[in-house]
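Under the numbering used here, the first residue of the sequence shown carries the number 277, and numbering increases by one thereafter.
Even for Gly, the Cβ is constructed at its ideal location relative to N, Cα and C.
Nothing here was measured: the structure is a model prediction, and the numbers come from that model.
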Amino acid sequence: MSDVKFYKGEDIPLELHKVRVVQKLHLVPIERRLDAIKEGGFNTFRLSTRDVYLDMLTDSGTNAMSDNQVAAMFQADDAYAGSQSFARLQKAVEEVLGKRFLLPVHQGRAAENIICKTFIKPGNLIPMNYHFTTALAHITENGGKIAELLCDGALEIKSSNPFKGNIDIEKLEACIQQNGAANIPFIRMEASTNLIGGQPFSISNMMDVRRIADKYGIMLVLDASLLGENAYLVKQREEQWKENSMAEIIKMMTGLADLVYFSARKLSSSRGGGICTNKKELYGKMEALIPLYEGFLTYGGISVREIEAMAIGLYETLDESMISQSPSFIKYLVETLDSLGIPVVTPPGVLGCHVDAMQFCDHIPQSEYPAGALAAAFYLISGVRGMERGTISSVRDEHGVEILADAELLRLAVPRRVFTLSQIKYVIDRLQWLYDNRKMIGGLTFVYEPPVLRFFMGGLAPTSDWPEQLMLKFRKDFGDSL
Ligand code: F0G
């Protein structure tokens with residue numbers, strides 16, 4: 277943790293946990309990795325973990341569980357209705373998030389489905405800091421549109437703005453005046469804005485958004501999937517909140533929202549999600565949809581064991597020594613890569629390190645998916661699986677024309693308490709090699725393109741034999757090394 281100082285002044289992220297259960301990993305040879313990425317249609321989602329050394333695809337459902345979470349799973353109360361496990365989760369939500377009414381859902385996008393089905397009518401507009409893929413999909417499925425109102429400079433890759441996830445308040449007010457408050461069912465704020473590199477918003481910004489929401493009588497919805505880390509960065513970066521506890525900061529943020537939803541796969545556990553509020557009438561509007569889409573109101577499509585783990589995980593987000601682990605490793609990774617001249621999103625955010633493929637592969641046009649190509653190339657030469665967050669993760673417009681993403685990023689997720697520092701150093705080493713050989717990376721083209729959320733299962737092919745050439749160069753430089 278940052279308060280531990282080292283004798284020679286080095287900034288080493290120090291783990292405040294020990295490893296007690298381990299899983300064996302496999303670093304397969306590059307020849308197998310080439311076959312694996314071909315079999316997977318050059319899409320890292322389609323790789324088997326059998327062929328993956330470090331799985332940096334996501335933190336979703338992959339954060340390490342604590343001993344207390346695992347222990348709690350043994351005390352779960354199996355019951356279709358009225359489970360005491362659910363009562364314990366309700367209590368945790370009330371104590372940590374400060375909301376009395378809770379609707380359980382099986383994961384974050386299920387919460388988005390319920391909220392969008394309940395509140396969005398065709399033609400509605402949802403202003404937000406920035407979209408997340410599944411939120412956008414549910415809004416458009418229900419006939420809505422989005423307006424992304426990030427503060428100026430939020431999309432600049434290299435930046436010293438500590439709160440790139442902030443909403444531009446003037447743009448927000450102008451947007452409401454132009455479109456009419458009646459056409460805006462809610463404003464959505466996403467904690468630790470995922471797609472722009474895990475960048476937080478400040479509490480003072482959220483207070484300003486609240487003021488505008490009140491002025492126009494619009495509901496404020498908080499996507500709290502990455503709330504713990506956003507709160508941690510508020511404590512680190514927002515002067516006014518330095519002396520406050522995580523508990524106070526989290527309650528302050530959730531208290532500003534009418535409705536809070538989360539993916540527990542990220543926030544607190546490995547499964548599940550929830551929607552919570554203090555407004556009985558909002559709860560009442562959504563309640564009937566839970567048994568229809570999720571399961572009975574006391575389990576919501578999640579096993580009671582997972583519900584117990586979620587409850588403990590929520591309390592654990594208040595523990596700074598736990599919540600700081602992933603951001604401090606990310607900081608180490610980002611700052612080291614930056615000092616080596618490798619283009620990464622700064623300041624370091626949460627969830628992972630985001631490599632700027634637009635600069636890394638400035639010879640690949642956006643129509644040939646530089647971030648997707650970089651993700652495939654990096655897997656090939658390292659066995660490390662990252663995720664494309666660029667145009668492949670974007671959509672086509674109503675005429676079928678590709679909407680080029682604002683940023684082309686390779687995300688290397690750092691799930692909580694999963695990787696060691698030597699593994700992070702391996703990532704740095706291989707990325708450095710790839711950067712020195714970056715001109716050998718070529719483009720990709722779709723061969724199978726699903727109509728919705730195409731990035732998950734889409735299949736692509738390289739535009740030349742660049743993967744084979746890259747493999748030969750790797751063999752030349754590294755000999756028979758894995
Ligand atoms: N909101 C945010 C901010 C997210 O990051 C995610 C998921 C969701 C909602 C949806 O939650 O997966 O439980 O349905 N993010 C994952 C990721 C998938 O890899 O970034 P879910």
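The C-alpha of F722 lies about 12 Å from the C-alpha of T667. Within the DSSP secondary-structure output, A423 pairs in a beta bridge with P403. In terms of side-chain proximity, the C-beta atom of N470 is found nearer than 7 Å to a non-hydrogen atom of the ligand F0G. At least 8 Å separates the beta-carbon of S643 from that of F731. Not one heavy atom of the ligand F0G sits closer than 7 Å to the Cβ of Q475. In the displayed model, S670 falls within coil according to three-state DSSP, outside both helix and strand. Short of 7 Å from the beta carbon of M341, and not among the five residues preceding or following it, lie these beta carbons of its own chain, in chain order: S546 and A585.
At least one heavy atom of the ligand F0G lies less than 7 Å from the C-beta of G384. By the neighbour-count criterion, in which 16 or more other beta carbons inside 10 Å mark a residue as buried, P305 falls on the exposed side. By the Cβ-count criterion, S324 is exposed, with fewer than 16 other Cβ atoms from all chains shown falling within 10 Å of its own Cβ. The beta carbons of D327 and T338 sit no closer together than 8 Å. In chain order, Y329, G659 and L758 place their CB closer than 6 Å to the CB of L303, counting only its own chain and leaving out the 5 sequence neighbours on each side.
Around the CB of Y356, fewer than 16 other CB atoms lie within 10 Å, so the residue is classed as exposed. Its chain contains F282, Y608 and L697 as the residues whose beta carbon lies nearer than 8 Å to that of I288, once the 5 sequence neighbours on both sides are disregarded; these appear in chain order.
Within the region 457-536, the runs of alpha helix (DSSP H) at least 4 residues long that lie entirely inside it are, in chain order, 479-492, 503-513 and 522-531. Residue pairing by DSSP places L685 opposite D632 and R665 in a beta bridge. Proximity of the region 384-399 to the region 437-455 falls short of the contact definition, fewer than three beta-carbon pairs being nearer than 8 Å.
In this structure the region 627-645 touches the region 682-701; the number of beta carbon pairs closer than 8 Å is three or more.
Judged by beta-carbon spacing, L503 lies beyond the 8 Å limit of F462, meaning their Cβ atoms are not closer than that value. No Cβ-Cβ contact shorter than 8 Å links S539 with L590. For L707, the uninterrupted alpha helix (DSSP H) run begins and ends at L697 to D712, by DSSP.
In this structure, DSSP gives F572 a state outside helix and strand, which the three-state scheme calls coil. In the structure shown, S539 adopts extended strand secondary structure according to DSSP, grouped into three states. Not one heavy atom of the ligand F0G sits closer than 7 Å to the Cβ of S670. Taking C-beta separations shorter than 7 Å and ignoring five residues to either side along the sequence, the partners of D614 in its chain run V620 and T622, following chain order.
DSSP places Y724 within a strand segment (E or B) once states are collapsed to three. Ranked by how close their Cα comes to the Cα of L431, the residues T394, I391, A457 and I472 have I472 in first place. With contacts defined by Cβ atoms closer than 8 Å, D484 and I445 form a contacting pair. When DSSP states are grouped into helix, strand and coil, A368 belongs to the helix group. Here F377 carries a strand assignment [DSSP, helix/strand/coil].
Rounded to the nearest whole angstrom, the CA to CA distance from Q345 to T612 is 33 Å.
Within the same chain, and ignoring the five residues on either side of L680 in sequence, the residues whose Cβ sits closer than 6 Å to its Cβ are Q642 and T667. Secondary structure of T410 (DSSP, three-state): helix.
The alpha-carbon of D353 is positioned some 15 Å away from that of G577. Proximity to Q708 across I566, L565, F636 and Y508 peaks at F636, based on C-alpha coordinates.
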